[in-house]
Structure formats: C-alpha cells, structure tokens
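Novice:
In the UniProt record's numbering, the protein residues as written are 1 to 407.
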C-alpha cells in the first residue's frame, strides 16, 4: 500500500504530522475524520527504488527483534506513559536499558525522528522490520484519540498471546521433528557404514540375495558414490526454496499449502484466524473504521493467503455487504462463528463477538495441540517399524541363507 505524509488538527486544536500507509488519500482522510481530527494536508510519498546507505543501515538494525522484546517494550511504554513521563524522556530511558541491541538502536533513531518533529507512529513506520504495521497504526490511533497508554497495554497482551500460541505449536511439533531427523540420520549411517560391511560377506558367498537386501545395497552404493551430488542438490533446493519464499507468489503458495498439511494444517489455520480476530477486535475497539481495520489486520496475520481472504471481506463491506455475508464467501469460518458474527452485527456488539470468536478458536487450538502428540505417535511408530522391518529382512535373510548353505 502507498505511504502518505499527513498533517492533521485534533479535537483540541493541536497540530500533528507523520507518515501512514493507506489504500488512498481519501481513505486516510476518512480515518482521521472518524477520529474527530481535521486533515490539513495528505501527500503521497513516492516509492524509493534505489538502495541508499541509510536504507541498508536501517535494514541491518531491524533484525532479531522477537515478540518477547515487543511485549516487554509495550508494557514498559504503558507504565512510563501512565506515570506521566514525557515521551522522549521515556524512550531515552528504554534505549539505555534495552536488552536487544537492534531494538535499542532503532529506538535511538525513533528519538531522533521525534526531536525533528515527527509523530511517534511515523517514527515507527520507518522501521517496518522492528515495529509491525499493527503497532504503527494502533499507535497512530492512540495519538489521535489521546489513549496512547491503553493502546500499548492492548498491544502487549496481543504480542503475549501470539508468543504463547507459537510456543504451543513448536512444543507439539518438537517430538515428530526429532523422530524424523533421527530416522534420516539412521538411514544415512546404515547406508554408509553398516551395509558396506555386510556387502563384502554377501558378495563372497555367491548366493542369490533377497530383494530387500538388493534394495539396501543399491541405496548404499548410490549414497557412497553420489553423496557429494546429493549434498549439492540439497543446498540448491534450500537456496531455491528460500528465494521462492521471498517472492510474492511463492509466499502466497506456501501460506496456502501449509494450511492443508496433514494434522497441523487445521491448527495453523485456526491459530491464524484467532490472530485475525484479536487484531481486528483491537483495531475496531480503538475506533478504526471497519474497512480500515480489516485492511490493517490483513497485513498483521502474517499469512498472505488468509490476508487475501480478509481483503475479500473488506471489498465486500466497501460494496455495501454485511460483515457476516462477506465472511461467509471466504469459506474460512465455521457456521458457529458466522452465527456469532451475525448476532454481533444485529446487536451492535461486533467487538464483543470478535473477542468471543478469538477465544473460541484459541480453545480449539489448545485442544488440538494437546491431542497432536497422541495423533502423531502411531504414525511415527509405523514408520519406525517399517524401517526396522526392511533393515532386518535386508540384513538377516542373507545370513540365514548362508547358514543353511553352510549346513
């Protein structure tokens, strides 16, 4: 989305200026008017195509900031602002005490931009790899409405829940990942060291070898002769996949595919929808217009496929459709959730219904994550059993044949 530089006057007559993303200048002006602010000037900032030293420098600064860092930062900002500490003084204190060097350096540049007259949200928007779009836009709303402290505490809760969900997913996938890696190392070890030792014995016997043994010996010979080519191919595959994921189409296809993965795809989808409900509820409650809140949340869910579906909801609302009807067309929501949204629209309590929807999906994710290990264990046992059976048949059947020949 294009970036705009704006100047506005709030309800108290104070002037503000900064930078913000929006679909159009008219949409940004409507956002300010809904927040009881008068737009004075809105100018689109041309996109920069050249790499400047400042851009490279800022990119290097913006690496390595985690959700834990953002959660702690937002809670510290809430405490300092609520205590009446001036904004620049609060930020300087956080620069000195920041445990993350990248966040500390970025905050130092934020302080410099603030001293030059920029708004806090505009300062954040200059570091998109440190401060996500949701934070920038929520801070912008807090500046206009005068509820900056409440915005930071809402953001802290949001980042904390995000971290908890990610940790639960990682914990559930840790066991199957470990088993799969162990199986791969076992296959490599057996192919390179165990099978060649038995191959000399079997070759000297001169008897016909069973099919399983011939398969293992062929796999072992292939890996011994072409292991360097396999290594090069693996590096190339990793390189190509990483480059593809950096493209818009590649990222979209991966985000769509991972929602269809066996066992974990539905969990990822529901966790993403819970993130959407939380972010949408937070933006809507803060006073962001419905269409703007959907556009903001579409970029905050960290999934381009789901983000595209959310944009479909936004387009439907802009055409005059209801939220429930637009959400139904995406095919992502269960009938129960759609009923909850319909009740929220009819009763005028969409924010409350969104909170309930988020809790509904989070409960489902918790339940599925608790049962994920028990669902994966039988599959892992079957895979390990098949491997052991193939190895046993391939190694011991020829030995039994040699013993019978010797007798």
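The beta carbon of each residue, even a glycine, is placed where N, CA and C say it ideally should be.
Please report how far the alpha carbon of residue 114 lies from the alpha carbon of residue 282, in whole angstroms.
Specialist: 26 Å
Novice: Please go through the same chain and pick out, in chain order, the residues whose beta-carbon is closer than 6 Å to the beta-carbon of residue 239, but skip the five residues on each side of it.
Specialist: Excluding positions up to five away in sequence, the list is empty.
Novice: Pick helix, strand or coil for residue 41, following the three-state DSSP scheme.
Specialist: strand
Novice: Determine, using beta-carbon pairs with one atom in the stretch 254–274 and one in the stretch 371–387, whether at least three such pairs fall under 8 Å.
Specialist: yes
Novice: Using C-beta distances below 7 Å, list every residue in its chain close to residue 42, excluding the 5 sequence neighbours before and after it, in chain order.
Specialist: These residues qualify, in order along the chain: 4, 6, 25, 28, 29.
Novice: From this set, 214, 270, 389, 194, which residue's C-alpha is nearest residue 303's C-alpha?
Specialist: 270
Novice: Starting from the C-beta of residue 340, find all residues in its chain whose C-beta is less than 7 Å away, skip the five residues before and the five after it, and write them out in chain order.
Specialist: 353, 356, 357, listed in sequence order.
Novice: Give me the Cβ distance between residue 130 and residue 103, rounded to the nearest whole Å; I'm assuming they're in contact under 8 Å.
Specialist: Contact flag correct, Cβ pair sits at about 6 Å.
Novice: Determine, using beta carbons only, whether residue 37 and residue 9 come nearer to each other than 8 Å.
Specialist: yes
Novice: Taking three-plus beta-carbon pairs below 8 Å as touching, is the stretch 383–398 in contact with the stretch 307–318?
Specialist: no
Novice: Roughly how many whole angstroms lie between the Cα atoms of residue 326 and residue 313?
Specialist: 5 Å
Novice: Let me know the secondary structure DSSP gives residue 9 once reduced to three states.
Specialist: strand
Novice: Taking the alpha-carbon positions, what's the residue 107 to residue 234 distance?
Specialist: 40 Å
Novice: Take residue 53 and list the residues in its own chain whose beta-carbon comes closer than 6 Å to its own, dropping the five residues that flank it on each side.
Specialist: Any reading at residue 53 needs caution, since the residue's pLDDT is 33, under 50, leaving its predicted position unreliable; the model's value is listed next. Cβ neighbours of residue 53 beyond the five flanking positions: none.
Novice: Taking the CB atoms as reference points, tell me whether residue 149 and residue 252 lie closer together than 8 Å.
Specialist: no
Novice: Would the beta-carbon of residue 134 fall within 8 Å of that of residue 279?
Specialist: yes
Novice: Could you tell me which residues DSSP puts in a beta bridge with residue 15?
Specialist: 9
Novice: Is it right to say residue 359 is buried, meaning 16 or more other beta carbons lie within 10 angstroms of its own, or is it exposed?
Specialist: exposed
Novice: Just the C-alpha distance for residue 397 and residue 217, rounded to the nearest angstrom, thanks.
Specialist: 14 Å
Novice: Here's the rule: buried if 16 or more other CB atoms are within 10 angstroms of the residue's CB, otherwise exposed. What is residue 275?
Specialist: buried
Novice: Suppose the cutoff is 8 Å on Cβ atoms and the five residues either side in sequence are ignored; what does the same chain contact list for residue 338 look like?
Specialist: 324, 327, 328
Novice: Quick one: Cα of residue 383 to Cα of residue 268, how far?
Specialist: 24 Å
Novice: So, using beta-carbon positions, are residue 85 and residue 111 closer together than 8 Å?
Specialist: no
Novice: For residue 56, which residues from the same chain have a beta carbon less than 8 Å from its beta carbon, with the 5 sequence-adjacent residues on both sides left out?
Specialist: Because the pLDDT of residue 56 is 30, which lies under 50, any placement of that residue in the model is unreliable, and the number read from its coordinates should be weighed accordingly. Excluding sequence neighbours, residue 56 sits near nothing in its chain.
Novice: Does the distance from the C-beta atom of residue 361 to that of residue 291 stay below 8 Å?
Specialist: no
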